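Residue numbers (the numbering used here): 968 to 1218.
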């Protein structure tokens, strides 16, 4: 390597893999938190009669997931997204680069004039061959479906976390409560509860068919993103196993 270049794998200040590994630390804690929650029967199911209405009610109540889940997710997202910016800065110190500690790893959804400006500003000092690799990873290559790409979803969660705790929901609840086929229930409820109403006359034929399935999602429709918790593992693996190795040749 020429004067002024570094080997980021031997320099803790620039080694992006350290940030990736630390993101895994937070991911493991988060998955443990969710696992404990899902393993604790995070719901209550009860049956009662509404004699005035002449109905038999099956009521489902979801227990809340602790607020710390959203905070731990923020730590994971911040570290993983930050590892990409660490990578960009390290690239500016490699052979052919111009040291620039303000370099960043752009994640652009729409390839318009604003997107190109942001891209070029972010990669100042990065060697041209590495810029080509970064460009090849941009979500805008997926056209109108760019919001489904793993890098964009990571970037979007990171943007949310910069301003507030990432919202989360206990969702994808699946409950099988059987009743007479000729008398389907009337459903109602909210995000954290649900009620199925049957005619009181068929009470003896209404029963639960296990299992009850519960899921956890992060993000919000109003924010334009919903990420099932299992997808976080896919996003992490994409950065660690697909993105990072593409730049090994520059070091």
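For every residue, glycine included, the Cβ atom is placed at its ideal position computed from N, Cα and C. In this text the structure is predicted, and so the values were computed from the model without any measurement.
query: Whole-angstrom C-beta distance between residue 1201 and residue 1193, which should lie under 8 Å; result: Actually they are not in contact, since the Cβ atoms of residue 1193 and residue 1201 sit about 14 Å apart, beyond 8 Å.
query: Contact belief for residue 1071 with residue 1055 at Cβ below 8 Å, rounded distance in angstroms; result: 5 Å
query: Residue 1156 versus residue 1086 - alpha carbon distance; result: For residue 1156, the predicted structure reports a pLDDT of 48, less than 50, and the residue's modelled location is therefore unreliable. A value from the coordinates is still provided. The straight-line gap from Cα to Cα measures roughly 46 Å.
query: For residue 1156, the three-state DSSP class (helix, strand or coil); result: With a pLDDT of 48 at residue 1156, under the threshold of 50, the modelled position of this residue cannot be trusted, and the question is left open.
query: Endpoints, beta strand (DSSP E) assigned at residue 1217; result: Taken as a continuous stretch (DSSP letters only), residue 1217 belongs to no beta strand (DSSP E), as it is neither H nor E.
query: For residue 1060, three-class secondary structure by DSSP; result: coil
query: Exposed unless 16 or more other CB atoms sit within 10 angstroms - verdict on residue 1065; result: exposed
query: Beta strand (DSSP E) segment containing residue 1077, residue limits; result: Unbroken run through residue 1077: none, as it is neither H nor E.
query: Of the residues 1060, 981, 1216, the one placed nearest residue 1091, counting alpha carbons only; result: 1060
query: Whether residue 1125 touches residue 1050 by CB criterion (8 Å); result: no
query: Cβ contact check for the region 1163-1173 and the region 1011-1022: 3 or more pairs under 8 Å; result: yes
query: Three-state secondary structure (DSSP) of residue 1210; result: helix
query: Best match in 1117, 1009, 1121, 1171 for proximity to residue 1027 [C-alpha to C-alpha]; result: 1009
query: Nearest candidate by alpha-carbon position, reference residue 1013, set 1162, 1196, 1187; result: 1162
query: Neighbour-count burial assignment, residue 982, 16 or more Cβ in a 10 Å radius; result: buried
query: Element boundaries [beta strand (DSSP E), containing residue 1194]; result: 1192-1195
query: Contact set for residue 1094: own chain, Cβ-Cβ below 7 Å, skip 5 residues either direction; result: 1058, 1061, 1063, 1064, 1217
query: Three or more C-beta pairs below 8 Å linking the region 984-993 and the region 1117-1135; result: no
query: Short Cβ contact (8 Å threshold) for residue 1210 with residue 1040; result: no
query: Helix, strand or coil at residue 1003 according to DSSP, with G and I counted as helix; result: helix
query: Pairwise C-alpha distance: residue 1208 and residue 1196; result: 19 Å
query: Rounded distance between the beta-carbons of residue 1043 and residue 1005, thought under 8 Å; result: With a Cβ gap of about 18 Å, residue 1005 and residue 1043 do not count as contacting.
query: Extent of the continuous beta strand (DSSP E) to which residue 1025 belongs; result: 1022-1029
query: Simplified DSSP assignment, three categories, for residue 1104; result: coil
query: Where residue 1198 falls: helix, strand or coil (DSSP); result: helix
query: N-terminal and C-terminal residue of the alpha helix (DSSP H) that residue 1128 is part of; result: 1117-1128
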